[in-house]
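Numbering of the sequence shown is given in our numbering, commencing with residue 156 and proceeding in unit increments.
Taking it in order: structure first as structure tokens, then the write-up.
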Amino acid sequence: LVATKPVEMALGFTDWRGVFFLLAGLTVLASILLMILVPKRDRAVSTETWGQLANGIRQVFRDPVFIRIAPTAVVVQSGYLGVQSLWSGPWLRDVAGLDQGAMADGLLGIAACMVIGFISMGALTDRLGKVGIQPMTVGMVGMTLFTLTLALIGLNTLPGTTYLWFAFGLFGTFGILPYTALSQAFPSNLTGRAVSGLNLMVFFGAFAVQWGIGAIISLWPEPAPGHFAPEGYQWAFLILAGLQTAGLVWYAVYRKSRV
156 LVATKPVEMA
166 LGFTDWRGVF
176 FLLAGLTVLA
186 SILLMILVPK
196 RDRAVSTETW
206 GQLANGIRQV
216 FRDPVFIRIA
226 PTAVVVQSGY
236 LGVQSLWSGP
246 WLRDVAGLDQ
256 GAMADGLLGI
266 AACMVIGFIS
276 MGALTDRLGK
286 VGIQPMTVGM
296 VGMTLFTLTL
306 ALIGLNTLPG
316 TTYLWFAFGL
326 FGTFGILPYT
336 ALSQAFPSNL
346 TGRAVSGLNL
356 MVFFGAFAVQ
366 WGIGAIISLW
376 PEPAPGHFAP
386 EGYQWAFLIL
396 AGLQTAGLVW
406 YAVYRKSRV
């Protein structure tokens, strides 16, 4: 939220250096508050050797649950992070034709929908869990809607396609539910390694998505300096939606796990 309209407004009073100095100061302040206010807890120190730690990691990556969930989670969540963090703004500028102020408003709306998604998703998943619906089932529905939304944005054939970005921000949050499924599937001593392993793959994937979209878009000549061709966005987003569809199909057809 802060990185959208608030930053646009702040740039009316300072430059990017001032913005980053302010953010750095707030980060230091938050760290100090955490150190002072959060109570310390005495935790048991792990006695595992490096060899045992490595064996646990191998156990996680070979587990059928991880093999089933990880590809789906990586392509969907990486796509969400990669597009939302880097390419949603340029799309609003180059395809929707919004000016800088309107683009900042659009990004603020996407971020707000993301916050709403995270809050409502937790409550929804908890309520559905009480009637026997598993988190991964909820996640698959949400991730399917997210992939469909991305494909529709890529096609850009419906009136009001720009407003689909709010659905993008909302449904993309369901890509976090595979983490819940993993934490429930592994014993407590392996949960951290399972979640951290998936998280590492997602962030590498997000970088790959950011770079890959840029590589595809650059195949078309720039219609104006600093702008990109709408056809490039179309192909990049549709290819990504295709990869996400493959990830969803993988989870549906892989039957060697209990999740």
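Heads up, the beta-carbon is just placed ideally off N, CA and C, and yes, glycines get one too.
Treat the numbers as computed from the prediction; the structure is a model and nothing was measured.
{"query": "Using 8 angstroms as the threshold, is the stretch 293–306 in touch with the stretch 199–214, meaning 3 or more CB pairs across them?", "result": "no"}
{"query": "Between G261 and L247, how many whole angstroms is the CB-CB distance? I'm expecting something under 8 angstroms.", "result": "5 angstroms"}
{"query": "Pull up the distance between the alpha-carbon of R213 and that of P342, whole angstroms please.", "result": "14 angstroms"}
{"query": "Which of helix, strand or coil does DSSP assign to V238?", "result": "helix"}
{"query": "Can you give me the C-alpha to C-alpha distance between L181 and A396, rounded to a whole angstrom?", "result": "37 angstroms"}
{"query": "Just curious, the alpha helix (DSSP H) that K160 is in, first and last residue?", "result": "160–165"}
{"query": "Could you check where the alpha helix (DSSP H) with Q389 kicks off and where it finishes?", "result": "385–408"}
{"query": "Looking only at its own chain, which residues have a Cβ that is under 6 angstroms from the Cβ of G327, when we skip the five neighbours before and after it?", "result": "Y235, F301"}
{"query": "Any idea what DSSP makes of L374, helix, strand or coil?", "result": "coil"}
{"query": "Thinking C-alpha only, which one of T346, S233, P226 is nearest V408?", "result": "P226"}
{"query": "Give me the residue from G244, G287, I222 with the minimum Cα distance to R410.", "result": "I222"}
{"query": "Closest by CA to A257, which one among K160, G387, V230, P385?", "result": "K160"}
{"query": "Along the chain, where does the alpha helix (DSSP H) containing V286 start, and where does it finish?", "result": "No alpha helix (DSSP H) contains V286, which DSSP labels as neither H nor E."}
{"query": "R248 by DSSP, collapsed to three states: which one?", "result": "helix"}
{"query": "Could you tell me whether the Cβ atoms of A251 and T317 are closer together than 7 angstroms?", "result": "yes"}
{"query": "Closest to M269 by CA distance: which of L319, P378, F358 is it?", "result": "L319"}
{"query": "Tell me whether A379 sits in a helix, a strand or coil according to DSSP, three-state version.", "result": "coil"}
{"query": "Check each candidate in I308, I224, A259, K285 and name the one with the smallest Cα separation from Y388.", "result": "I308"}
{"query": "Using only CA atoms, which one of M295, P378, W242 lies nearest to L403?", "result": "M295"}
{"query": "Apart from the five residues on each side of it in sequence, which residues of its chain come closer than 6 angstroms, Cβ to Cβ, to Q232?", "result": "G330, V357"}
{"query": "If you compare alpha carbons, which of N210, F175, T280 is closest to T335?", "result": "T280"}
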